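Here the structure comes first, spelled out in structure tokens, and everything after it is commentary.
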Amino acid sequence: MDFRRYSLPWYAYALLAYAVLGTIWWSILLLRKNAETFDARIADLTTRMTISRELEPGQTIESTAVYQEAARDFRAQRGMIVGEAILLLTCILGGAYLIYRDLRNRLMAADQQRSFLLSITHELKSPIAGVRLILETFQKRRDLPEGTQEKLSTNGLKEADRLTELVNNLLLSAKLESGYQLSKEQLDLKALLLEAVDVVKTKYPTAVVKLCTDDDLPFFRGDDAGMTSVILNLVENAAKYSQPSPVIEVELAQNGPEELVITVADNGPGVPDEHKSKVWRRFYRVGNEDTRRTKGTGLGLFIVKEMVQRHGGIIELDDNEPTGSKFRVRLPL
Ligand code: ADP
-14 MDFRRYSLPW YAYALLAYAV LGTIWWSILL LRKNAETFDA RIADLTTRMT
36 ISRELEPGQT IESTAVYQEA ARDFRAQRGM IVGEAILLLT CILGGAYLIY
86 RDLRNRLMAA DQQRSFLLSI THELKSPIAG VRLILETFQK RRDLPEGTQE
136 KLSTNGLKEA DRLTELVNNL LLSAKLESGY QLSKEQLDLK ALLLEAVDVV
186 KTKYPTAVVK LCTDDDLPFF RGDDAGMTSV ILNLVENAAK YSQPSPVIEV
236 ELAQNGPEEL VITVADNGPG VPDEHKSKVW RRFYRVGNED TRRTKGTGLG
286 LFIVKEMVQR HGGIIELDDN EPTGSKFRVR LPL
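156 is the number that the working numbering gives to position 171 of the sequence shown; each next residue is one higher, with no gaps.
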């Protein structure tokens, strides 16, 4: 995390330092005053007891009951001052930290919203521009050879698919935020995986995707749109982040009588450890929006995690060997 980006203005630190130093200074002052009062009290006692002959010759003031009482008072006062000082310092520093943490979280959320707006604008603009260009070409050149026409319309359809996928992710994440009702259907996860693999192979022709599934797997009771999105997002991310030559291994297996496990592993750079717990957040993307080359909105893994959890499942992220990432979805049967 870039702490400098989320640091406070200098006068906030100056105020904090003033409050801390002020508390320490006042505490030292009070401790000194307490000691001076004690010394003065003992001196006064010694004089009075010597005059009234309560203090016998050779007897020290320390051995008298009044001295012991004064010493007890002195220690009690000292303890109170030190205790109050520690409490006050804890309140100042703890309060400052809580305010800073809250502010930093708000700034980070604002940054993520900004990243999201930047990426969504880009994601929307490029397919729209692509489709527009294709339509303009058709309008201007009515004599295009059939092969070119075919290629252009395929590209146009791909762009339209990209838009549909983006809008679907946006809708799904908005629904998840406002209480999505899962439908419970008998799902053939193997069929969903095959579909996703086909989509990804068409979209990323250089990708090598290996699908490995157990035979005679039971159906999974879950939400069709939700689970389709989970699988598509994971397999597509694997291809997207392992360019230029993705090698993806997708596996579906039954683990005991109660669990189905989907694993999606790739040979990309993987997710750095410090980002592993954060990639599930809405709009979170690793790196900086201004320098990033891969397209995306930071919604995919948010949807994946929410959906898996709402199905009572668990999602795990590990490093793949020798490189890459390995996502594992564990679904209860
Ligand atoms: P998007 O792909 O739209 O950026 P996601 O929510 O799907 O959003 O992913 C969040 C971030 O997690 C991505 O920006 C990317 O940095 C990282 N990530 C996701 N999947 C992978 C993967 N298979 N390999 C490496 N990084 C990944």
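Glycine included, C-beta positions come from ideal geometry on N, C-alpha and C. Predicted model, so just to flag it, every value in this text is computed and none were measured.
- For glutamine 239, no alpha helix (DSSP H) encloses it; the enclosing beta strand (DSSP E) starts and ends at 232 to 240.
- Take the alpha-carbon of leucine 156 and the one of leucine 1: they are about 45 Å apart.
- Annotated three-state conformation of leucine 118 is helix, per DSSP.
- Membership of glutamate 291 in the alpha helix (DSSP H) is indicated by the continuous run 285 to 295.
- In the displayed model, proline 130 falls within coil according to three-state DSSP, outside both helix and strand.
- If you compare the alpha carbons of Ile66, Ser37 and Trp(-5) with that of arginine 17, the shortest gap goes to Ile66.
- Partner residues in a beta bridge of aspartate 24, as assigned by DSSP, do not exist.
- Going by C-alpha positions, arginine 127 is about 17 Å away from glycine 141.
- By the criterion of a C-beta distance shorter than 7 Å, asparagine 19 is surrounded in its chain by Phe59, Gln62, Arg63 and Ile66, once the five residues flanking it on both sides are discounted.
- For valine 185, the enclosing alpha helix (DSSP H) starts and ends at 174 to 188.
- Remark: three or more beta-carbon pairs, one from each stretch, lie closer than 8 Å, so the region 170 to 186 and the region 205 to 214 are flagged as touching.
- When C-beta atoms of the region 221 to 231 are compared with those of the region 185 to 198, three or more pairs fall below 8 Å, so the two segments count as touching.
- Under the three-state reduction of DSSP, proline 112 is assigned to helix.
- With respect to the C-alpha of valine 235, the residue from Leu217, Glu243, Gly241 and Pro242 having the closest C-alpha is Leu217.
- Here aspartate 201 is exposed, its C-beta having fewer than 16 other C-beta atoms within 10 Å.
- Annotated three-state conformation of glycine 207 is strand, per DSSP.
- The three-state reading of DSSP puts phenylalanine 59 in helix, counting H, G and I together.
- In summary, alanine 250 is buried, with 16 or more beta-carbon neighbours lying within 10 Å of its beta-carbon over all protein chains present.
- At least 8 Å separates the beta-carbon of tyrosine -4 from that of leucine 92.
- Straight-line measurement puts the Cα of phenylalanine 287 at about 24 Å from the Cα of glutamine 171.
- Inclusion of tryptophan 265 and lysine 225 in the CB contact set at 8 Å is not warranted, their separation being larger than that value.
- Taking 7 Å as the cut-off, one finds no heavy atom of the ligand ADP near enough to the beta carbon of phenylalanine 205.
- Glutamate 244 sits close to arginine 315, with the two beta carbons spaced by under 8 Å.
- In this structure, the alpha-carbon of leucine 73 lies about 39 Å from that of arginine 99.
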